[in-house]
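Colleague: Residue numbers (this note's numbering), protein chains in the order written: chain A, 148 to 379; chain B, 12 to 262. Idealized CB from N, CA, C, for every residue including glycine.
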């Protein structure tokens with residue numbers, strides 16, 4: 148695997164993600180943050196939460212951008228380059244990890260700084276959030292490659308809804324802490340997300356490795372269907 | 012024994028060596044095809060829409076995995092999707108492949124990071140000769156200018172095989188004439204580069220000195236396989252292709 152190729156491609160993916168984000172940041176600042184500041188409702192919980200919500204958009208947007216790349220022909224151009232599937236997948240991974248880094252740093256520093264969590268706990272939360280963001284990003288990219296148009300967007304929406312659902316459900320476990328904090332409970336709760344993350348990453352990276360170097364807009368690579376009007 | 016061993020290796024003198032190659036979709040099958048292309052050859056790949064021309068170009072450019080048969084490019088067997096082929100093989104599709112927000116100069120610079128033999132001086136020199144402006148954005152280019160950019164990149168990457176996919180489709184008569192002149196001058200300027208030009212416009216065949224003709228219809232080759240001369244001496248290449256296509260259609 149050529150490191151310079153991976154870095155060059157990952158820079159491209161990051162640039163295409165970050166460039167339009169200033170509009171989202173500005174809009175959120177005007178619509179959400181300013182009213183909170185002027186109403187005096189801004190507290191440490193909200194500050195950390197709103198900023199984390201903004202920062203998680205970075206890796207997620209990187210995955211959603213693939214839809215635009217399909218439309219403007221970028222994916223087809225990237226597939227025409229002398230770049231292997233592994234290099235494509237590695238570049239997506241590097242981009243996702245880099246774009247998740249602000250979220251990790253934010254949670255690891257602000258949670259202890261605002262006294263919301265001890266440093267060790269904040270570190271674990273930050274790293275877990277980073278891994279989850281990378282995983283969602285890679286799965287999003289893979290789904291966009293794997294499925295066409297609306298189907299890919301539906302799958303990605305289901306994935307995001309499921310992630311939010313898991314976070315919400317985890318809050319319901321507060322009363323179960325005595326059970327969870329047994330050795331068996333801790334091991335189970337650690338292994339299940341880890342296994343899920345590994346399986347999801349394996350699926351995502353494998354799909355990108357296979358599909359990125361052969362992508363063509365006029366074919367559904369998975370079913371082998373062809374758009375007849377485009378010729379063979 | 013010796014013959015058997017020979018049959019297992021590609022012909023080193025050929026840029027492309029296809030032997031009994033097939034490619035299957037659920038409702039479409041290309042081949043079996045056998046074809047040898049030597050350096051400097053100019054192959055006309057002719058057939059109606061849906062004949063399998065683009066699929067064959069996809070195989071030659073390393074985008075498609077063959078379902079059966081054997082396939083060598085530049086003496087190396089390719090039995091899986093192999094993007095490294097694209098160092099030596101350039102494809103000029105109907106629409107320019109590039110990031111449309113980039114300028115022509117940025118496009119060259121971007122590509123230079125992916126091709127080990129990239130020659131930036133050649134790319135700029137060719138762009139200048141073809142009256143291309145490096146500051147123009149790709150999305151602002153006409154079809155004819157896009158074709159010129161593809162030429163520059165093919166030259167700069169040092170391609171040994173140049174694949175054209177319907178280069179004149181949708182062009183007005185003047186742009187079509189210019190495009191074919193450009194291809195003709197390229198074949199003269201770089202006699203060692205083999206070209207394969209896929210088209211369903213038979214008039215295109217008169218403009219370029221093709222050395223070989225491959226006619227496809229519904230995935231099957233109508234013209235003989237191999238590496239011998241395929242253009243009959245008494246009829247022009249266009250007439251030969253027309254007769255084959257009409258004959259296959261029962262007219």
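Give me the Cβ distance between residue 115 of chain B and residue 132 of chain B, rounded to the nearest whole Å; I'm assuming they're in contact under 8 Å.
Modeller: Here the question's residue 115 of chain B lines up with position 104 in the second chain. Here the question's residue 132 of chain B lines up with position 121 in the second chain. So it is not a contact: roughly 15 Å between Cβ atoms.
Colleague: Does the beta carbon of residue 111 of chain B sit closer than 8 Å to a beta carbon anywhere in chain D?
Modeller: No chain D is part of this structure, whose protein chains are labelled A and B.
Colleague: Classify residue 99 of chain B as helix, strand or coil using the three-state DSSP reduction.
Modeller: Looking up residue 99 of chain B in the second chain gives position 88. In this structure, residue 99 of chain B counts as coil in the three-state DSSP scheme.
Colleague: Whose C-alpha, out of A:161, A:203, A:283 and A:183, is nearest the C-alpha of residue 350 of chain A?
Modeller: Here residue 350 of chain A corresponds to residue number 203 of the first chain, with the count starting at 1. Minimum Cα distance to residue 350 of chain A is reached at A:283.
Colleague: Take residue 352 of chain A and list the residues in its own chain whose beta-carbon comes closer than 6 Å to its own, dropping the five residues that flank it on each side.
Modeller: In the first chain, residue 352 of chain A corresponds to position 205, counting from 1. Only 236 meet the Cβ criterion.
Colleague: What residues in the stretch 216-242 of chain A bring their beta carbon closer than 8 Å to a beta carbon of chain B?
Modeller: Going along the stretch 216-242 of chain A in chain order, one finds 219, 220, 221, 223, 224, 226, 227, 228, 229, 230, 231 and 232 with a Cβ nearer than 8 Å to chain B.
Colleague: Which residue wins for smallest C-alpha separation from residue 113 of chain B, given the options B:69, B:33 and B:150?
Modeller: Against the second chain, residue 113 of chain B aligns to sequence position 102. Residue B:150 is the option with its Cα nearest to residue 113 of chain B.
Colleague: Which value, in whole angstroms, describes the spacing of the CA atoms of residue 246 of chain A and residue 159 of chain A?
Modeller: If you number the first chain from 1, residue 246 of chain A lands on position 99. If you number the first chain from 1, residue 159 of chain A lands on position 12. So the alpha carbons of these two residues sit roughly 12 Å apart.
Colleague: Report the rounded CA-to-CA distance for residue 228 of chain B versus residue 343 of chain A, giving the unit in angstroms.
Modeller: Residue numbering aside, residue 228 of chain B sits at position 217 when the second chain is read from its first letter. Residue numbering aside, residue 343 of chain A sits at position 196 when the first chain is read from its first letter. Each residue's Cα considered, the two are about 49 Å apart.
Colleague: Check whether the Cβ atoms of residue 303 of chain A and residue 316 of chain A lie closer than 8 Å to each other.
Modeller: Position 156 of the first chain, counted from the first residue, corresponds to residue 303 of chain A. Position 169 of the first chain, counted from the first residue, corresponds to residue 316 of chain A. Contact: no.
Colleague: Can you give the Cα-Cα distance for residue 83 of chain B and residue 24 of chain B, rounded to whole angstroms?
Modeller: Mapped onto the second chain, residue 83 of chain B falls at position 72. Mapped onto the second chain, residue 24 of chain B falls at position 13. Approximately 11 Å between the Cα atoms of the pair.
Colleague: Going residue by residue through the stretch 130-188 of chain B, where are the continuous beta strand (DSSP E) segments of at least 3 residues, counting only ones entirely within it?
Modeller: Runs found: 172-176.
Colleague: DSSP three-state label for residue 28 of chain B, please.
Modeller: Here residue 28 of chain B refers to the residue found at position 17 when the second chain is read from its first residue. Here residue 28 of chain B sits in strand by DSSP.
Colleague: If you compare alpha carbons, which of A:300, A:230 and A:258 is closest to residue 192 of chain A?
Modeller: Indexing the first chain from 1 puts residue 192 of chain A at position 45. The option with the nearest alpha carbon to residue 192 of chain A is A:258.
Colleague: Output yes if chain B places a C-beta closer than 8 Å to the C-beta of residue 360 of chain A; else output no.
Modeller: Taking the first chain and counting its residues from 1, the one referred to as residue 360 of chain A is at position 213. Cβ-Cβ to chain B under 8 Å: yes for residue 360 of chain A.
Colleague: In whole angstroms, what is the alpha-carbon distance linking residue 93 of chain B and residue 122 of chain B?
Modeller: For this step, residue 93 of chain B is matched to residue 82 along the second chain. For this step, residue 122 of chain B is matched to residue 111 along the second chain. Whole-angstrom Cα-Cα distance: 18 Å.
Colleague: Residue 85 of chain B CB to nearest chain A CB: under 8 Å?
Modeller: Along the second chain, one-based indexing puts residue 85 of chain B at 74. So no, residue 85 of chain B is outside the interface.
Colleague: Return the CA-CA distance between residue 411 of chain A and residue 204 of chain A, expressed in angstroms with no decimal places.
Modeller: Summary: the structure shown does not reach residue 411 of chain A, with chain A confined to residues 148 through 379, and so no result is reported for it.
Colleague: Should residue 239 of chain B go down as buried or exposed, given a rule of 16 or more other Cβ atoms within 10 Å for buried?
Modeller: For this step, residue 239 of chain B is matched to residue 228 along the second chain. Unreliable placement is indicated for residue 239 of chain B, whose pLDDT of 47 sits below 50; the coordinate value is still reported in the next sentence. Exposed is the call here.
Colleague: If you drop the 5 nearest sequence neighbours on each side, which residues of the same chain put their C-beta closer than 8 Å to that of residue 156 of chain B?
Modeller: By one-based count along the second chain, residue 156 of chain B stands at place 145. So the list reads 143 and 147, once near-sequence residues are dropped.
Colleague: Residues of chain B with CB under 8 Å from residue 152 of chain A, in chain order?
Modeller: Reading the first chain from its first residue, position 5 is the one you call residue 152 of chain A. In chain order: 124 and 125.
Colleague: Hey, could you find the ends of the beta strand (DSSP E) residue 279 of chain A is sitting in?
Modeller: The count along the first chain starts at 1 and reaches residue 279 of chain A at position 132. First-last for residue 279 of chain A: 266-293, but that is the alpha helix (DSSP H), not the beta strand (DSSP E).
Colleague: Going straight from the alpha carbon of residue 219 of chain A to that of residue 213 of chain A, what length do you get?
Modeller: Residue 219 of chain A sits at position 72 when you count from the first residue of the first chain. Residue 213 of chain A sits at position 66 when you count from the first residue of the first chain. Each residue's Cα considered, the two are about 10 Å apart.
Colleague: Would you verify that the beta carbon of residue 43 of chain B is, or is not, closer than 8 Å to some beta carbon of chain A?
Modeller: The residue given as residue 43 of chain B occupies position 32 in the second chain. So, not an interface residue.
Colleague: For residue 71 of chain B versus residue 172 of chain B, is the C-beta distance shorter than 8 Å?
Modeller: On the second chain, position 60 is the one that residue 71 of chain B refers to. On the second chain, position 161 is the one that residue 172 of chain B refers to. Yes, these two residues count as a Cβ contact at 8 Å.
Colleague: Would you verify that the beta carbon of residue 155 of chain A is, or is not, closer than 8 Å to some beta carbon of chain B?
Modeller: As a first step, residue 155 of chain A must be located in the first chain, where it is residue number 8. With 8 Å as the cut-off, residue 155 of chain A counts as an interface residue toward chain B.
Colleague: What first and last residue would you give for the beta strand (DSSP E) that runs through residue 215 of chain A?
Modeller: Your numbering for residue 215 of chain A matches position 68 in the first chain. Segment 191-218 is the alpha helix (DSSP H) holding residue 215 of chain A; no beta strand (DSSP E) there.
Colleague: Can you check DSSP and say which residues form a bridge with residue 57 of chain B?
Modeller: Along the second chain, one-based indexing puts residue 57 of chain B at 46. Residue 57 of chain B is bridged to B:210 and B:226.
Colleague: If you compare alpha carbons, which of A:253, A:252 and A:248 is closest to residue 281 of chain A?
Modeller: Taking the first chain and counting its residues from 1, the one referred to as residue 281 of chain A is at position 134. Comparing Cα positions, the closest option is A:248.
Colleague: Kindly list the residues whose CB is nearer than 6 Å to the CB of residue 79 of chain B, restricted to its own chain and excluding five residues on each side of it in sequence; keep chain order.
Modeller: The sequence position of residue 79 of chain B within the second chain is 68, counting from 1. Contacts found: 33.
Colleague: Taking the alpha helix (DSSP H) that residue 159 of chain A belongs to, which residues open and close that run?
Modeller: The count along the first chain starts at 1 and reaches residue 159 of chain A at position 12. It spans 150-165 - the alpha helix (DSSP H) in which residue 159 of chain A sits, taken as one unbroken run.
Colleague: Apart from the five residues on each side of it in sequence, which residues of its chain come closer than 8 Å, Cβ to Cβ, to residue 119 of chain B?
Modeller: Numbered from its first residue, the second chain carries residue 119 of chain B at position 108. Closer than 8 Å at the Cβ level, and outside the excluded window around residue 119 of chain B, lie 131, 134, 135, 138, 145, 163, 164 and 167.
Colleague: Report the rounded CA-to-CA distance for residue 236 of chain B versus residue 225 of chain B, giving the unit in angstroms.
Modeller: Residue 236 of chain B sits at position 225 when you count from the first residue of the second chain. Residue 225 of chain B sits at position 214 when you count from the first residue of the second chain. Below a pLDDT of 50, predicted positions are generally treated as unreliable, and residue 236 of chain B, at 48, falls in that range; no measurement from the model is reported.
Colleague: Using beta carbons (cut-off 8 Å, strictly below), is residue 172 of chain B in contact with chain A?
Modeller: As a working mapping, residue 172 of chain B is identified with position 161 in the second chain. For residue 172 of chain B, the answer is no, since every Cβ of chain A falls outside 8 Å of its Cβ.
Colleague: Any contact between the stretch 226-242 of chain A and the stretch 266-277 of chain A? By contact I mean 3 or more CB pairs, one from each, below 8 Å.
Modeller: Cβ pair count under 8 Å is below three, so no.
Colleague: Residue 288 of chain A and residue 74 of chain B: beta carbons closer than 8 Å?
Modeller: The residue labelled residue 288 of chain A in the question sits at position 141 within the first chain. The residue labelled residue 74 of chain B in the question sits at position 63 within the second chain. Against a cut-off of 8 Å, the Cβ pair of residue 74 of chain B and residue 288 of chain A comes out as no contact.
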